[in-house]
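Asker: Quick mapping for you: the protein sequence lines, in order, are chains A and B.
Taking the working numbering, the leading residue of the first sequence gets 1, the next gets one more, and so forth.
Taking the working numbering, the leading residue of the second sequence gets 1, the next gets one more, and so forth.
Here a beta-carbon is modelled for each residue, glycine too, at the ideal position from N, C-alpha and C.
Computed from a predicted model, the values in this text were never measured in an experiment.
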Amino acid sequence: MTLDNIKLNQPVKVRKVHIEYVPTKFVQLGFIPGALISLERPPLKNGLLYIVLDGFYLAITQEIAKKIEVEKIA
Amino acid sequence: MKKKFNLLLLGNPNTGKSSLFNKLTGLNQKVGNFPGVTVEKKEGSINFKNNYSVNVIDLPGAYSINSSSPEEEIVSDILLEKTEISPDSALVVSDIENLKHNLLLFTQVKDLGIPLYLVINMCDVMGKKGITLDTSTLEEELKTKIFSISTRNSTGIEELLDEIPKIFDSDISTLVENNFIDLESILKIKIENNSSSLYRTWLSHIKKNQNLDDLKKIKHKEAVHRYRFINSKLNKTLNIDREKAYDLRSKLDNIFLHPLWGKIIFISILALIFQTIFSWSNYPMDVIDEIFSYLSNYTKKVLPEGVFTRLLAEGIITGIGGVIIFIPQIAFLFMFISVLEETGYMSRVVFLFDKSLKKYGLSGKSIIPLISGVACAIPAVMSTRNIDDWKQRLITILVTPFMTCSARLPVYLILISIVIPDKFFFIFNYQGLTLLGLYLLGVLMALISAYVLSKAIESKFENHIMIEMPNYKIPVLKNVLFTVYSKTKSFVFEAGKIILSISIFLWLLASNGPGDNFKYAEQIIMDKYDNKKNINELDYEIQSYRLENSYIGITGKVLEPILNPLGYDWKIGIAIITSFAAREVFVGTLATIFSVGSENVDTIKEKISYQRKPNGELLFNLPTGVSLMVFYAFALQCMSTIAIVKKETNSWKWPVIQFTFMTSIAYISALIVYQYLS
Chain A
1 MTLDNIKLNQ
11 PVKVRKVHIE
21 YVPTKFVQLG
31 FIPGALISLE
41 RPPLKNGLLY
51 IVLDGFYLAI
61 TQEIAKKIEV
71 EKIA
Chain B
1 MKKKFNLLLL
11 GNPNTGKSSL
21 FNKLTGLNQK
31 VGNFPGVTVE
41 KKEGSINFKN
51 NYSVNVIDLP
61 GAYSINSSSP
71 EEEIVSDILL
81 EKTEISPDSA
91 LVVSDIENLK
101 HNLLLFTQVK
111 DLGIPLYLVI
121 NMCDVMGKKG
131 ITLDTSTLEE
141 ELKTKIFSIS
151 TRNSTGIEEL
161 LDEIPKIFDS
171 DISTLVENNF
181 IDLESILKIK
191 IENNSSSLYR
201 TWLSHIKKNQ
211 NLDDLKKIKH
221 KEAVHRYRFI
231 NSKLNKTLNI
241 DREKAYDLRS
251 KLDNIFLHPL
261 WGKIIFISIL
271 ALIFQTIFSW
281 SNYPMDVIDE
291 IFSYLSNYTK
301 KVLPEGVFTR
311 LLAEGIITGI
321 GGVIIFIPQI
331 AFLFMFISVL
341 EETGYMSRVV
351 FLFDKSLKKY
361 GLSGKSIIPL
371 ISGVACAIPA
381 VMSTRNIDDW
391 KQRLITILVT
401 PFMTCSARLP
411 VYLILISIVI
421 PDKFFFIFNY
431 QGLTLLGLYL
441 LGVLMALISA
451 YVLSKAIESK
461 FENHIMIEMP
471 NYKIPVLKNV
481 LFTVYSKTKS
491 FVFEAGKIIL
501 SISIFLWLLA
511 SNGPGDNFKY
521 AEQIIMDKYD
531 NKKNINELDY
541 EIQSYRLENS
551 YIGITGKVLE
561 PILNPLGYDW
571 KIGIAIITSF
581 AAREVFVGTL
591 ATIFSVGSEN
601 VDTIKEKISY
611 QRKPNGELLF
621 NLPTGVSLMV
631 FYAFALQCMS
641 TIAIVKKETN
651 SWKWPVIQFT
661 FMTSIAYISA
671 LIVYQYLS
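1. According to DSSP, simplified to helix, strand and coil, what is Phe580/B?
2. Counting only Cβ pairs nearer than 7 Å, list the residues of chain A close to Lys216/B.
3. Residues of chain B with CB closer than 8 Å to the CB of Val27/A, please, in chain order.
4. Quick test of your reading: Asp124/B and Ser150/B, contact by CB under 8 Å. State the CB separation rounded to the nearest angstrom.
5. Short check: CB of Ile499/B to CB of Ser281/B, under 7 Å?
6. Quick one, are the C-beta atoms of Ser148/B and Ile120/B less than 7 Å apart?
7. Please go through the region 43 to 78 of chain B and give each complete alpha helix (DSSP H) segment of 4 or more residues, from N-terminal end onward.
8. When you check each C-beta in the region 36 to 59 of chain A against every C-beta of chain B, which residues fall closer than 7 Å?
9. According to DSSP, simplified to helix, strand and coil, what is Gln10/A?
10. Ser598/B to Gly588/B, Cα distance in whole Å?
11. Could you name each continuous alpha helix (DSSP H) segment of 4 residues or more that falls completely within the region 103 to 135 of chain B, going from the start of the chain to the end?
12. Would you call Ile78/B buried or exposed, if buried means 16 or more other Cβ atoms sit within 10 Å of its Cβ?
13. Quick check on Ile32/A - is its C-beta less than 7 Å from some C-beta in chain B?
14. Contact defined as beta carbons within less than 8 Å: I believe Val176/B pairs with Thr107/B. What is the distance between those atoms, to the nearest angstrom?
15. So that I know if they touch, is there some Cβ in chain A lying closer than 7 Å to that of Ile467/B?
16. So for Tyr472/B, helix, strand or coil by DSSP?
17. Does Tyr63/B come within less than 7 Å of chain A when only Cβ atoms are used?
18. Based on Cα-Cα distance, which residue from Gly55/A, Gln10/A, Arg41/A lies nearest to Leu49/A?
19. With three or more C-beta pairs closer than 8 Å as the rule, is the region 382 to 397 of chain B touching the region 363 to 371 of chain B?
20. How many angstroms separate the CA atom of Lys497/B from the CA atom of Val350/B?
21. Please work out which residues of its chain come closer than 8 Å, Cβ to Cβ, to Phe334/B, disregarding the five sequence neighbours upstream and downstream, and give them in chain order.
22. According to DSSP, simplified to helix, strand and coil, what is Ile37/A?
23. What is the DSSP secondary structure of Leu436/B, counted as helix, strand or coil?
24. Do His101/B and Gly34/A have their C-beta atoms closer together than 7 Å?
25. Start and end of the alpha helix (DSSP H) containing Ser417/B?
26. Quick check: what's the CA-CA separation for Leu711/B versus Lys25/A?
27. May I ask you to report which of helix, strand or coil DSSP gives Val70/A?
28. By the criterion of Cβ-Cβ separation under 8 Å, what are the contact partners of Asn98/B in chain A?
29. Out of Glu163/B, Thr155/B, Asn153/B, Tyr345/B, point me to the one whose CA is closest to Lys145/B's CA.
30. Would you decide whether Asn14/B is buried or exposed? Buried here means 16 or more other CB atoms lie within 10 Å of its CB.
31. In the DSSP assignment, the beta strand (DSSP E) including Asn680/B goes from what residue to what residue?
32. Gln62/A by DSSP, collapsed to three states: which one?
33. Would Ile542/B and Ile574/B qualify as a contact pair, given that the criterion is a beta-carbon distance under 7 Å?
34. Is it the case that the region 341 to 356 of chain B contacts the region 255 to 263 of chain B, given that we only count it when at least three CB pairs across the two stretches are under 8 Å?
35. Does any residue of chain A have a CB that is nearer than 7 Å to the CB of Pro284/B?
36. State the start and end residues of the unbroken alpha helix (DSSP H) segment that holds Ile288/B.
Written as structure tokens, this is what we have:
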């Protein structure tokens, strides 16, 4: 699944980042395989995802989230 | 050790780097731009015993030295010794809550072989957040001295200051194994160039020799490698017990990010800011105005009459007054912006409005400058510094002057009262509707222009499409006051110089003229009226005659053929030129031209409304009046705005482009309106 499908209280782990579509900044911020992500708030109509990446709070667009593959944490 | 050396302050955005800079340097600092770019450069000094001093340079916030924004490019260029700033030593500032992400930059700087300390800020919240850190083990693991500080309550700052002189004793050996580097080729270059650091050689090499796709892959590989290293070190030293952590983030986010209440709260905050800039600033502004008016008159009274006295009283003192008068508005706006930033609320604003403004090529943060522009474009343009993306910031700067500022109001009010009937359409007054229409016209043109500019301006940097959501914090008064002080200072000493120069130039043009008509204006008018008018009326006639025959008056006449298709004559031409000093001058100039005192608005209105063209038509009829209002709605008739745009974009290119496109839009729109209504 991709990050845009993340649900509240269901943390995920990054599996693959499609670096050809994702700005380098994201990788430098820690969007790398193995990083833990959880959803902080349900997305608003404006589409921004408010997430927590290894304790770092940030909001990203759904477009970018679609380019990050994640897997559910068992 | 050097007697004077540079100490770079580096760190991710929102780590409290600038607060630390203020703590270290106090008021002993100067603000400017890095050469050739619009990124703010803050420098300050610390003087130690034994006659040596440290030049502290606050570098822009960066996540990495592998540049992907203008700010990071500056940081990277300085660290790679591509600028005149020598990277002698560094403090890498991080935030205890985001230590992992902040350490990426730290490991990169460390591997460049620069003597440095790691400063971990916001340590006062460790207990609240359930964080424990084994600092001494981390110091060993990172081969670096670590300082745990809090800029909020000033803990750890003295200890850090004491140790700064010993920074050159730091271990400068490489930290992260460079197995992401193509060793064979880089070692060869390192030996050829006699470079001290393998990583430094590699960074310089890949920047010059890789295509963009390859570079992206290399940066990715490096980041993954460094994060593995960071995780391995933090697993041994950092512990976060989420059970013990508590904060108000979720509760406050529920309020501030609510789709409806969040927007209502923001609009209320904006209304308060708007009220402050628009209304409360009036009191100190009036005082400043009166002081400079008094100074000007006093100078004329005490100094002997002559060119020098007039230059001093009417050119220089009035010009300085024209700069100082903006200080209350700038100070109030930056006080609010600083509070919004310090509390963490600004990120929530961006979150709420980003998508709606992005359609027009603007950022969520553009809403503050745009709304502030309704009061005055000068502080509004300065406030665009908070927009991270260069292209969005530039577009915001270019379109903000379309918003109807308070200086347009006197122009609109007098023209509306002359050409728009005081009648009602249901419960709506035509004059009120016209004023509302002019405000909406400004907003509409700002959005249309932003959309067009977003398609026309290219940026070599990717838009990050990422908003950091910091914790909510109570603002520190000292930081707020520092921001107000530094913004005001930079306005007065940078934009102020340009405003003052243009003021003096306009004064020279209006106070001098070729030939006898200007020189003997008084005699000519006295002879013409032969004492048939009282002293005041004669004085107004003399001023009018002088202005008509001054260089500005002659320019107005030269421009008449260009202005005729818009319905304007040379008198309106003069008023347009002089109002370049400030739009509201338009009314005063018309008062002078039509020989009335500027104290009584009703008299000016009456006199202006009777003026006729040579063909007998009223000069200020509906087509001319509406055309003029449209012209003022779109034209960049404000030298102070041009000065501040020059300062903020660090070049004359953008103010010239802005002046050209706004004046073209104004001229064409006014022409269409006049021709259509005639």
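Answerer: The structure says:
1. Counted from its first residue, the second sequence places residue 580/B at position 580. Of the three classes helix, strand and coil, the one that applies to Phe580/B here is coil, per DSSP.
2. The residue you call residue 216/B lines up with position 216 of the second sequence. The answer, in chain order, is Ile19, Thr24.
3. In the first sequence, residue 27/A corresponds to position 27, counting from 1. Within 8 Å Cβ-Cβ: Lys219, His220, Ala223, Val224.
4. Indexing the second sequence from 1 puts residue 124/B at position 124. Indexing the second sequence from 1 puts residue 150/B at position 150. That belief holds up - the Cβ atoms of Asp124/B and Ser150/B are roughly 4 Å apart, short of 8 Å.
5. Counted from its first residue, the second sequence places residue 499/B at position 499. Counted from its first residue, the second sequence places residue 281/B at position 281. No; because the gap between Cβ atoms is not below 7 Å, this pair is not in contact.
6. Residue mapping note: residue 148/B aligns to position 148 of the second sequence, counting from 1. Residue mapping note: residue 120/B aligns to position 120 of the second sequence, counting from 1. Yes; because the gap between Cβ atoms is below 7 Å, this pair is in contact.
7. none
8. Arg41, Leu44, Lys45, Asn46, Gly47, Leu48, Tyr50, Asp54, Gly55, Phe56, Tyr57, Leu58, Ala59
9. The residue labelled residue 10/A in the question sits at position 10 within the first sequence. Reduced to three states, the DSSP call for Gln10/A is coil.
10. The residue given as residue 598/B occupies position 598 in the second sequence. The residue given as residue 588/B occupies position 588 in the second sequence. For Ser598/B, the predicted structure reports a pLDDT of 49, less than 50, and the residue's modelled location is therefore unreliable. The matter cannot be settled from this model.
11. none
12. Here residue 78/B refers to the residue found at position 78 of the second sequence. By the 10 Å Cβ count, Ile78/B comes out buried.
13. Counting from one through the first sequence, the residue named residue 32/A turns up at place 32. At least one chain B Cβ lies under 7 Å of Ile32/A.
14. In the second sequence, the residue the question calls residue 176/B occupies position 176. In the second sequence, the residue the question calls residue 107/B occupies position 107. Contact flag correct, Cβ pair sits at about 5 Å.
15. One-based indexing of the second sequence puts residue 467/B at position 467. Yes, Ile467/B counts as interfacial toward chain A.
16. Against the second sequence, residue 472/B aligns to sequence position 472. Note: Tyr472/B maps to coil in three-state DSSP.
17. Your numbering for residue 63/B matches position 63 in the second sequence. With 7 Å as the cut-off, Tyr63/B counts as an interface residue toward chain A.
18. Here residue 49/A refers to the residue found at position 49 when the first sequence is read from its first residue. That would be Arg41/A, whose Cα lies nearest to the Cα of Leu49/A.
19. yes
20. What you label residue 497/B is simply residue 497 of the second sequence in a count that begins at 1. What you label residue 350/B is simply residue 350 of the second sequence in a count that begins at 1. Looking at the two C-alpha atoms, the distance is approximately 34 Å.
21. The residue labelled residue 334/B in the question sits at position 334 within the second sequence. Cβ within range, chain order: Pro379, Met382, Ser383, Thr483, Val484, Lys487, Thr488.
22. Translated into the one-based positions of the first sequence, residue 37/A becomes position 37. Strand.
23. Counting from 1 along the second sequence, the entry for residue 436/B is found at position 436. If DSSP states are grouped into helix, strand and coil, Leu436/B belongs with the helices.
24. Working through the second sequence from its first residue, we reach residue 101/B at position 101. Working through the first sequence from its first residue, we reach residue 34/A at position 34. Contact: no.
25. Working through the second sequence from its first residue, we reach residue 417/B at position 417. Start and end: 408 to 419.
26. Lying outside 1 to 678, the shown extent of chain B, residue 711/B is not represented and no answer is given.
27. In the first sequence, residue 70/A corresponds to position 70, counting from 1. Correct three-state label for Val70/A: strand.
28. In the second sequence, residue 98/B corresponds to position 98, counting from 1. Gly55, Phe56, listed in chain order.
29. Reading the second sequence from its first residue, position 145 is the one you call residue 145/B. Ranking Glu163/B, Thr155/B, Asn153/B, Tyr345/B by Cα distance to Lys145/B puts Glu163/B first.
30. One-based indexing of the second sequence puts residue 14/B at position 14. Flag for Asn14/B reads buried.
31. Residue 680/B lies beyond the residue range present for chain B, which begins at 1 and ends at 678; the question has no answer from this structure.
32. Residue numbering aside, residue 62/A sits at position 62 when the first sequence is read from its first letter. Three-state DSSP puts Gln62/A in a helix.
33. Working through the second sequence from its first residue, we reach residue 542/B at position 542. Working through the second sequence from its first residue, we reach residue 574/B at position 574. No, these two residues do not count as a Cβ contact at 7 Å.
34. yes
35. Sequence index remark: in the second sequence, residue 284/B carries index 284 (1-based). By this cut-off, Pro284/B is not an interface position.
36. In the second sequence, the residue the question calls residue 288/B occupies position 288. Its alpha helix (DSSP H) spans residues 282 to 302.
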